[in-house]
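Peer 1: Protein sequences appear in the order of chains A and B. So the first sequence is numbered by numbering that gives the first Met the number 0: it starts at 0 and just counts up by one. So the second sequence is numbered by numbering that gives the first Met the number 0: it starts at 0 and just counts up by one.
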Amino acid sequence: MVLWALAAGLPLAFLGLFFVLPVVGLVGRGFVTDGSLDLSGFAEVMSRPRTWRILELTVGQATVGTAIAVLLGIPGAHLLYRTRFRGQALLRALVAVPFVLPTIVVGVAFRSVLSGHGPLAFLGWDGTFAGVVAALVFFNYTVVVRTVGAFWTGLDPRGEQAARALGASPARAFWSVTLPALVPAIASAASIVFLFCATAFGVVLVLGGVGYGTVETEIWVQTTQFLDLRAASVLSVVQLVVVTASLWVAGRARRRREQALSRVPESRPVLALRGPDARGGDRLAVAVTAAVVVLLLGLPMVTLLLRSLRTRDGWGLGNYRALGVRGFGLGASGWEAAATSLRVAVDATLIAVVVAGLVALVASRRPRSRGLRRAVGTMDAVMMLPLGVSAVTVGFGILVTLNHPFGLAVDLRTSPMLLPIAQAVVAVPLVVRTVLPVLRAIDSRLHEAAAVLGASPARVLRHVDWPVAARSLGLAVGLAFAVSLGEFGATSFLVRPSAPTLPVLIYRLIGRPGADNLGTAMAASVLLAALTAVVMALAERLRGDTGGDV
Amino acid sequence: MTGLGVRDLVVLYRDDDGSVATAVDHLDLDVATGEVVALLGPSGSGKSSLLRAVAGLEPAASGRIGWDGVDLAGVPTHRRGFGLMFQDGQLFGHRDVAGNVAFGLQMQRMPARERATRVSELLGLVGLGGFEHRAISTLSGGERQRVALARSLAPGPRLLLLDEPLSALDRALRERLADDVRAALLATGTTALFVTHDHDEAFAVADRIAVMDAGRLLQVDAPALLWQAPATRRVAEFLGYEAFAPVDAPVAAVLGSGLAVPVGTVAGRSWSDGTSDAVLAVGPGSLETAADGPLAGEVRSAGFRRGVIELGVVVEGLGAVTVVERSAGRTGAADLPRAGTTVRLRPVVGGVARIG
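(1) In the structure shown, what three-state DSSP assignment does Asp-169/B receive?
(2) Report buried or exposed for Phe-121/A, applying the criterion of at least 16 other Cβ atoms within 10 angstroms of its Cβ.
(3) Strictly below 7 angstroms CB to CB, what residues from chain B border Leu-472/A?
(4) Using the Cβ count rule (16 or more neighbours within 10 Å means buried), how would you classify Leu-226/A?
(5) How would you label Met-382/A, buried or exposed, when you count the other beta carbons within 10 angstroms and need 16 or more for buried?
(6) Any idea which residues DSSP pairs Thr-21/B with across the strands?
(7) Shortest alpha-carbon distance to Val-241/A belongs to which of Ser-455/A, Leu-54/A, Val-352/A, Leu-20/A?
(8) For Val-74/B, which residues in the same chain have their Cβ closer than 7 angstroms to its Cβ, ignoring the five residues on either side in sequence?
(9) Compare the C-beta of Pro-283/B against all C-beta atoms of chain A and say whether one is closer than 9 angstroms.
(10) Quick check: what's the CA-CA separation for Gly-547/A versus Leu-283/A?
(11) For the beta strand (DSSP E) holding Leu-83/B, just list the boundary residues, first then last.
(12) Run through DSSP, which three-state label would Ser-332/A get?
(13) State the Cα-Cα distance for the pair Ser-483/A and Ala-426/A, rounded to the nearest angstrom.
(14) Which residue from Arg-94/B, Ser-61/B, Gly-141/B, Leu-310/B puts its Cα closest to that of Val-467/A?
(15) At the 9 angstroms Cβ level, is Ser-455/A part of the contact set with chain B, yes or no?
(16) According to DSSP, simplified to helix, strand and coil, what is Leu-218/B?
(17) With 9 angstroms set as the bound, which would you pick, yes or no: does the beta-carbon of Val-298/B sit closer than that to a beta-carbon of chain A?
(18) Which residue from Arg-51/B, Leu-26/B, Gly-2/B, Gln-105/B puts its Cα closest to that of Ala-209/B?
(19) Only counting the same chain, and skipping five residues up and downstream in sequence, which positions put a Cβ closer than 7 angstroms to that of Pro-336/B?
(20) Between which two residues does the beta strand (DSSP E) holding Phe-41/A run?
(21) Chain A beta carbons: is any one of them nearer than 9 angstroms to that of Met-211/B?
(22) Let me check understanding here. Comparing Cα to Cα, which of Val-459/A, Gly-453/A, Thr-531/A lies closest to Glu-486/A?
(23) Output, in sequence order along the chain, the residues in the segment 366–396 of chain A whose CB is closer than 9 angstroms to any CB in chain B.
(24) What is the rounded straight-line gap between the Cα of Ser-269/B and the Cα of Ser-139/B?
(25) Between Pro-222/B and Ala-251/B, is the Cβ-Cβ spacing less than 9 angstroms?
(26) Report the CB separation of Thr-146/A from Phe-98/A in whole angstroms; it is logged as a contact under 8 angstroms.
(27) Just how far apart, CA to CA, sit Ala-529/A and Gly-396/A?
(28) Check whether the segment 184–201 of chain B and the segment 39–48 of chain B are in contact - that is, three or more C-beta pairs closer than 8 angstroms.
(29) Since Thr-321/B is in the beta strand (DSSP E), which residue starts that stretch and which ends it?
(30) Closest Cβ-Cβ distance between His-116/A and chain B: below 9 angstroms?
(31) How would you label His-132/B, buried or exposed, when you count the other beta carbons within 10 angstroms and need 16 or more for buried?
(32) Examine chain A for any beta-carbon lying closer than 9 angstroms to the beta-carbon of Thr-189/B, and answer yes or no.
(33) Report the rounded CA-to-CA distance for Leu-161/B versus Ala-31/B, giving the unit in angstroms.
(34) Can you name the start and end residues of the alpha helix (DSSP H) that Pro-428/A belongs to?
(35) By Cβ distance, which residues of its chain are closer than 8 angstroms to Ala-319/B, with the 5 residues on each side in sequence left out?
(36) I'd like the list of long-range same chain contacts for Ala-95/A, defined as Cβ closer than 6 angstroms, with 5 residues on each side in sequence excluded.
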């Protein structure tokens with residue numbers, strides 16, 4: 000019992016100190032003037048036309064991005080999870096890449112496609128709404144495919160078969176039977192995607208043109224450029240409301256999905272595009288998915304790679320050689336920044352996995368008492384909060400509140416651990432979401448079986464939960480590492496100017512004039528993407544076939 | 000008092016919506032050392048709750064569970080030394096067959112070499128010799144339950160609790176395995192409490208059968224006694240008896256010849272003949288057709304079942320009874336007695352039961 004209290008208390012204390020305190024402290028600054036509550040700031044900021052334009056852009060961008068990701072993702076989910084063909088595993092892996100790519104890399108990659116001499120420059124999307132939405136779809140396509148696909152795999156195909164036997168055409172059966180059954184999964188995916196789109200930071204910062212912005216980037220602009228903390232606080236609260244609402248929708252959808260889920264043995268027919276078994280729907284799915292993979296996913300990555308190899312003097316490794324040079328005012332060379340990134344990521348991963356592991360462990364228990372059960376559910380929900388609060392808010396909040404916290408004569412801001420801690424806060428919800436479903440899936444009677452065979456509670460954990468959870472731990476470690484490597488929102492506030500991480504360095508590089516700097520940024524982006532890919536590939540090897548969602 | 004002693008036990012069942020029902024209602028039960036007791040009852044009668052309470056997996060609301068007279072309250076599951084076998088095995092998927100069987104031995108910190116010997120000994124006992132390194136996912140349902148049995152027997156539990164261990168299997172396999180379970184329990188001298196809703200299984204496995212309904216025990220007796228002398232009409236109905244006649248009814252005089260011991264005592268229980276509330280119970284197998292039978296009945300239905308013929312017959316003064324007879328050369332529906340015809344019947348000796 001004492002151990003359980005510790006296991007629950009440590010993550011809660013961690014989150015309280017490094018998430019709740021900073022965020023509340025920051026938000027408080029917007030509403031408290033000279034020690035008394037002052038809501039005039041709220042009215043003032045909300046009456047600015049600029050605020051409303053930003054809000055409109057944020058909601059519009061998230062809505063359009065979500066709609067397109069869902070429309071493109073459903074055929075992909077069908078193709079990758081409901082049929083069988085050669086190379087399917089490879090395609091699944093390929094499609095999974097964008098989600099873990101650092102936002103800054105995606106921003107740079109899309110810029111390389113849409114701007115200047117890029118292959119799609121003629122569209123004129125550089126720095127526009129369309130360009131940002133394209134990049135957001137790039138990111139979130141995977142989320143839709145995986146969430147909907149995983150659900151679709153377990154969907155009983157006999158419903159659709161019954162409709163067919165009753166005389167429905169394939170299209171009719173899909174519309175009237177399969178699609179309605181998929182709604183919970185689609186709603187769940189859509190609300191998560193909406194959340195990611197609405198809080199996108201790096202991509203918008205890099206791709207959005209002059210005057211383009213979302214609530215998230217606006218918080219950053221108001222803080223770092225206009226030094227208007229009150230406006231930033233108000234916007235943080237606005238964002239919190241938007242995000243809480245979509246998390247609530249996501250939670251509801253997820254519960255419905257869990258209820259609706261009656262697992263059946265997989266039955267996936269071989270994909271046939273010609274001959275008597277060919278289906279029109281399959282052809283459509285193949286066409287859509289091929290277009291997405293080539294144009295949306297492939298083109299930016301390939302263009303980024305090619306452009307990184309392109310120097311002023313033609314093709315060559317000049318840009319990569321430039322990674323070894325410490326550019327003026329950049330604080331570090333590319334390699335040094337990469338080393339910093341890795342060092343920070345190791346610490347952040349360690350923290351995130353320990354904290355999230357404890358959360359998942361506690362949240363997976365089903366105590367007999369209803370009060371305790373409710374407490375466990377609350378803890379699960381509370382630990383998801385960082386997913387909903389802008390990383391910018393977290394970073395900035397840590398920066399302003401951890402200066403002499405509780406009146407103590409310590410300034411935590413100078414601690415080298417602050418950056419990994421902030422990144423861990425961002426990574427914890429994702430890691431929990433990876434490990435928790437695996438732990439929850441363990442039948443409680445398996446624990447009982449071990450107990451009647453003489454295993455003490457500790458040994459049940461050691462011999463039953465651990466072997467199962469360990470398989471998902473590889474993926475969790477990889478995910479935490481990838482998040483940390485690519486983290487930009489919180490990092491941009493907390494990083495020491497003399498020791499930038501790779502994403503920060505890339506952002507500094509693209510902010511400078513000159514083709515050389517852009518070329519170096521491309522090379523640095525390729526390096527960052529490669530690091531992430533290697534980490535995820537290693538993690539996949541450690542992983543069993545049971546993964547969590549998202 | 001040796002063995003398990005359950006006294007005045009109450010177990011509450013909490014549903015997810017917070018409602019509370021009484022699963023076990025002031026129940027007493029004893030299982031002597033070395034004895035196999037079957038707990039027989041329809042689904043929802045509280046059998047599993049009782050079992051789980053004995054295992055320490057479910058708290059007792061009141062009452063006492065003891066072993067050799069020592070109260071087990073406060074003793075956690077893993078220190079009770081009881082084994083539990085689940086309906087669906089609950090094998091550890093991340094361990095192979097040997098790893099599963101060895102789990103309890105590992106918990107007892109038995110040295111690896113001894114453990115390996117004991118594992119192969121037990122696998123031999125359940126008919127799975129050489130299966131040590133098979134993955135759980137490659138086993139059939141019957142093989143899984145055999146592994147589960149070996150796993151729960153391995154640590155030598157002082158009491159083995161079996162929770163409908165054969166219910167998930169198909170009929171033929173269930174019958175064969177019931178015999179194997181009985182053999183394994185006898186070979187290891189294991190005291191066992193075996194929960195089931197299937198009479199055949201209970202009769203095949205147990206030394207004594209406890210019939211449970213709505214959280215209470217209706218009767219605890221040896222199989223033969225239970226069969227011939229159900230304590231109440233409810234027990235008789237649950238055992239499959241279909242028609243009942245008071246001992247002073249005219250038809251009872253004829254049926255009396257079917258009682259195992261016509262008048263007097265059955266296995267030490269004395270009946271005072273002529274008790275007015277005593278009832279005779281008739282079920283499938285109690286009557287057989289005979290040209291000169293003393294009873295007459297009208298055939299309502301006739302059909303083949305598993306190599307025998309079952310006739311639905313309405314017997315005068317008694318009611319609807321199923322009559323089972325050998326198919327004896329009859330090959331098709333045309334050879335069966337037609338509905339509406341009359342058949343003569345006589346009681347089978349030992350086929351009629353007496354209640355009260």
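Built from N, CA and C at the ideal position, the CB exists for glycine as well.
Peer 2: So, from the data block:
(1) Here residue 169/B is taken as the residue at index 170 of the second sequence, counted from 1. Coil.
(2) Taking the first sequence and counting its residues from 1, one reaches residue 121/A at position 122. It counts as exposed.
(3) Taking the first sequence and counting its residues from 1, the one referred to as residue 472/A is at position 473. What Leu-472/A touches in chain B: nothing, since even the nearest Cβ is about 14 angstroms away.
(4) By 1-based counting over the first sequence, the position of residue 226/A is 227. Exposed.
(5) The count along the first sequence starts at 1 and reaches residue 382/A at position 383. Its Cβ being crowded by 16 or more others within 10 Å, Met-382/A is buried.
(6) Along the second sequence, read from residue 1 onward, the residue named residue 21/B stands at position 22. Thr-21/B pairs with Leu-11/B.
(7) Residue numbering aside, residue 241/A sits at position 242 when the first sequence is read from its first letter. Each of Ser-455/A, Leu-54/A, Val-352/A, Leu-20/A was checked against the Cα of Val-241/A, and the nearest Cα belongs to Leu-54/A.
(8) Indexing the second sequence from 1 puts residue 74/B at position 75. The residues are Gly-55.
(9) Counting from 1 along the second sequence, the entry for residue 283/B is found at position 284. No, no contact with chain A.
(10) Taking the first residue of the first sequence as position 1, residue 547/A is located at position 548. Taking the first residue of the first sequence as position 1, residue 283/A is located at position 284. For Gly-547/A, the pLDDT reaches just 39, beneath the cut-off of 50, and the residue's location in the model is therefore unreliable, although a value from the coordinates is still provided. About 29 angstroms.
(11) Counting from one through the second sequence, the residue named residue 83/B turns up at place 84. 81–84 is the span of the beta strand (DSSP E), which, as asked, contains Leu-83/B.
(12) Here the question's residue 332/A lines up with position 333 in the first sequence. In this structure, Ser-332/A counts as coil in the three-state DSSP scheme.
(13) Residue mapping note: residue 483/A aligns to position 484 of the first sequence, counting from 1. Residue mapping note: residue 426/A aligns to position 427 of the first sequence, counting from 1. C-alpha separation (whole angstroms): 7 angstroms.
(14) What you label residue 467/A is simply residue 468 of the first sequence in a count that begins at 1. Out of Arg-94/B, Ser-61/B, Gly-141/B, Leu-310/B, Arg-94/B has the C-alpha closest to the C-alpha of Val-467/A.
(15) To locate residue 455/A, count along the first sequence from 1; it is residue 456. The beta-carbon of Ser-455/A is placed less than 9 angstroms from the nearest beta-carbon of chain B.
(16) Walking along the second sequence from the start, residue 218/B turns up at place 219. It is Gln, not Leu, that sits at residue 218/B in the sequence shown. Collapsing the DSSP output to three states places Gln-218/B in a strand.
(17) Here the question's residue 298/B lines up with position 299 in the second sequence. Not closer than 9 angstroms to any Cβ of chain A, the Cβ of Val-298/B fails to qualify, so no.
(18) In the second sequence, residue 209/B corresponds to position 210, counting from 1. For Ala-209/B, the nearest C-alpha among the options comes from Leu-26/B.
(19) As a working mapping, residue 336/B is identified with position 337 in the second sequence. Taken in chain order, the residues that qualify are Val-298, Ala-301, Leu-310, Val-342.
(20) Residue mapping note: residue 41/A aligns to position 42 of the first sequence, counting from 1. If you look at Phe-41/A, you'll find it isn't in any beta strand (DSSP E); it sits in the alpha helix (DSSP H) that goes 39–45.
(21) As a position in the second sequence, residue 211/B is number 212, starting the count at 1. The beta carbon of Met-211/B does not come within 9 angstroms of any beta carbon belonging to chain A, so the residue lies off that interface.
(22) If you number the first sequence from 1, residue 486/A lands on position 487. Considering only alpha carbons, the answer is Thr-531/A.
(23) Cβ contacts with chain B come from Arg-367, Arg-369.
(24) Translated into the one-based positions of the second sequence, residue 269/B becomes position 270. Translated into the one-based positions of the second sequence, residue 139/B becomes position 140. Reliability of the predicted coordinates at Ser-269/B is poor, the pLDDT of 46 falling under 50, and the value obtained from them is presented with this limitation in mind. For the pair Ser-269/B and Ser-139/B, the Cα-to-Cα distance works out to about 49 angstroms.
(25) Taking the second sequence and counting its residues from 1, the one referred to as residue 222/B is at position 223. Taking the second sequence and counting its residues from 1, the one referred to as residue 251/B is at position 252. Result no, Cβ atoms of Pro-222/B and Ala-251/B do not sit closer than 9 angstroms.
(26) Indexing the first sequence from 1 puts residue 146/A at position 147. Indexing the first sequence from 1 puts residue 98/A at position 99. That pair is no contact at about 11 angstroms.
(27) Within the first sequence, the letter at position 530 stands for residue 529/A. Within the first sequence, the letter at position 397 stands for residue 396/A. Distance between the alpha carbons of Ala-529/A and Gly-396/A: 31 angstroms.
(28) Counting C-beta pairs closer than 8 angstroms gives three or more between the segment 184–201 of chain B and the segment 39–48 of chain B, which meets the contact rule.
(29) For the purposes of this step, residue 321/B is identified with residue 322 of the second sequence, where counting begins at 1. Element bounds for Thr-321/B: 318–325.
(30) The residue labelled residue 116/A in the question sits at position 117 within the first sequence. Not one chain B Cβ lies under 9 angstroms of His-116/A.
(31) What you label residue 132/B is simply residue 133 of the second sequence in a count that begins at 1. By the neighbour-count criterion, in which 16 or more other beta carbons inside 10 Å mark a residue as buried, His-132/B falls on the exposed side.
(32) Walking along the second sequence from the start, residue 189/B turns up at place 190. Chain A contact via Cβ: absent.
(33) Numbered from 1 along the second sequence, position 162 holds the residue referred to as residue 161/B. Numbered from 1 along the second sequence, position 32 holds the residue referred to as residue 31/B. Those two C-alpha atoms are separated by around 16 angstroms.
(34) As a working note, residue 428/A is residue 429 in the first sequence. Note, Pro-428/A: alpha helix (DSSP H), 417–439.
(35) If you number the second sequence from 1, residue 319/B lands on position 320. When the five nearest sequence neighbours on each side are left out, the beta carbons in the same chain lying within less than 8 angstroms of the beta carbon of Ala-319/B are those of Glu-241, Ala-242, Arg-299, Gly-311, Val-312, Val-313, in order along the chain.
(36) Looking up residue 95/A in the first sequence gives position 96. Only Thr-141 meet the Cβ criterion.
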